[in-house]
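Notes for the one structure printed next.
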Amino acid sequence: MVQATPFLLVLFLALGAHGVSVKKVHAELFPLQCILTGTWANDLGSNMTIGTVKANGDFTGTYNTSVSATREKIKESPLLGSQHLPNMLKGQPTFGFTVHWNFSDSIAVFTGQCFVDDDGNEVLKTMWLLRTRADNLKNDWKATWVGYNTFTRLKEQ
Ligand code: BTN
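The numbering of the sequence shown is UniProt numbering, which starts it at 1 and goes up by one.
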């Protein structure tokens, strides 16, 4: 019987010699990546921390935004979301979450997908809608903002 550990070692060395990222192959063989638990930073400098992802994909967490549409003092705010769980065959799951800002009247929803890049690093590509509170119906048209954020995982210290 082939011993798994030396076999994988030889496989990785062979792949490495051909310029294939060992980290990426490892990530695809062992899909522990793209479970969103952990701390992430985005291109605006905002951070979020996601707690345990439950068996059904649901999770809670906290969001620290680096920017705001308001003049209020920014406070850490709760998020509630859900992800598809990565599997051996497909990986790179989609997810969504809502941030209930506790220093403004707004709500943000993010939807996105977790990718593993060519270096084996997880990247969250998201699109968001930020609903601000309009004072009246006539101002509804300008109340919803839209944008994109890219998140990468903050390595544990
Ligand atoms: C508000 O301004 O009312 C709440 C803060 C909104 C922050 C937005 S949500 C989308 C974008 N991505 C971030 O990390 N922060 C901004």
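The beta carbon of each residue, even a glycine, is placed where N, CA and C say it ideally should be.
All values reported here derive from a predicted model rather than from experimental measurement.
For this session: Decide yes or no for the touch test of the region 114-123 against the region 64-75: beta carbon pairs closer than 8 angstroms, at least 3 of them.
Result: no
Problem set entry | Limits of the beta strand (DSSP E) - the one that residue 122 falls within | Numbered from 1 along the sequence shown, position 122 holds the residue referred to as residue 122. Segment 122-131, the beta strand (DSSP E) holding residue 122.
Exercise. Touch check for the region 135-148 and the region 48-55: three-plus C-beta pairs under 8 angstroms?
Worked result: no
Problem set entry | Residue range of the beta strand (DSSP E) that includes residue 103 | In the sequence shown, the residue the question calls residue 103 occupies position 103. Run containing residue 103: none; DSSP gives neither H nor E here.
Exercise. Does ligand 1 have a heavy atom nearer than 7 angstroms to the CB of residue 68?
Worked result: Along the sequence shown, read from residue 1 onward, the residue named residue 68 stands at position 68. True, at least one ligand heavy atom lies under 7 angstroms from that Cβ.
Exercise. Whose CA, out of 145, 38, 152, lies closest to the CA of residue 106?
Worked result: Numbered from its first residue, the sequence shown carries residue 106 at position 106. Nearest C-alpha to residue 106: 145.
Exercise. Alpha carbon to alpha carbon, what distance is there between residue 88 and residue 2?
Worked result: Along the sequence shown, read from residue 1 onward, the residue named residue 2 stands at position 2. Along the sequence shown, read from residue 1 onward, the residue named residue 88 stands at position 88. For residue 2, the pLDDT reaches just 44, beneath the cut-off of 50, and the residue's location in the model is therefore unreliable, although a value from the coordinates is still provided. For residue 2 and residue 88, the distance between alpha carbons rounds to 21 angstroms.
For this session: Note down, in chain order, each residue of its chain lying with its Cβ closer than 6 angstroms to the Cβ of residue 115, except the 5 sequence neighbours on either side.
Result: Working through the sequence shown from its first residue, we reach residue 115 at position 115. The answer, listed in chain order, is 92, 123.
Problem set entry | Cβ pair residue 98, residue 81 closer than 8 angstroms | Start at 1 with the first residue of the sequence shown, and residue 98 comes out as number 98. Start at 1 with the first residue of the sequence shown, and residue 81 comes out as number 81. Yes, the pair counts as a contact, with Cβ atoms nearer than the cut-off.
Problem set entry | Straight-line Cα distance separating residue 130 from residue 149 | As a first step, residue 149 must be located in the sequence shown, where it is residue number 149. As a first step, residue 130 must be located in the sequence shown, where it is residue number 130. Cα to Cα, residue 149 sits roughly 12 angstroms from residue 130.
Exercise. Straight-line CA distance for residue 13 to residue 85?
Worked result: Against the sequence shown, residue 13 aligns to sequence position 13. Against the sequence shown, residue 85 aligns to sequence position 85. Because the pLDDT at residue 13 is just 49, under 50, the model does not fix this residue reliably, and the point stays unresolved.
Exercise. Between the Cα of residue 43 and the Cα atoms of 147, 108, 37, which residue gives the shortest distance?
Worked result: The sequence position of residue 43 within the sequence shown is 43, counting from 1. For the residues 147, 108, 37, the minimum Cα distance to residue 43 belongs to 147.
For this session: Name, in chain order, the residues that DSSP records as bridge partners for residue 68.
Result: Sequence index remark: in the sequence shown, residue 68 carries index 68 (1-based). None, per the DSSP bridge assignment.
For this session: Measure the CB-CB distance between residue 151 and residue 41 and report whether it falls below 8 angstroms.
Result: Along the sequence shown, read from residue 1 onward, the residue named residue 151 stands at position 151. Along the sequence shown, read from residue 1 onward, the residue named residue 41 stands at position 41. Taking 8 angstroms as the cut-off, the beta carbon of residue 151 is found closer than this to the beta carbon of residue 41.
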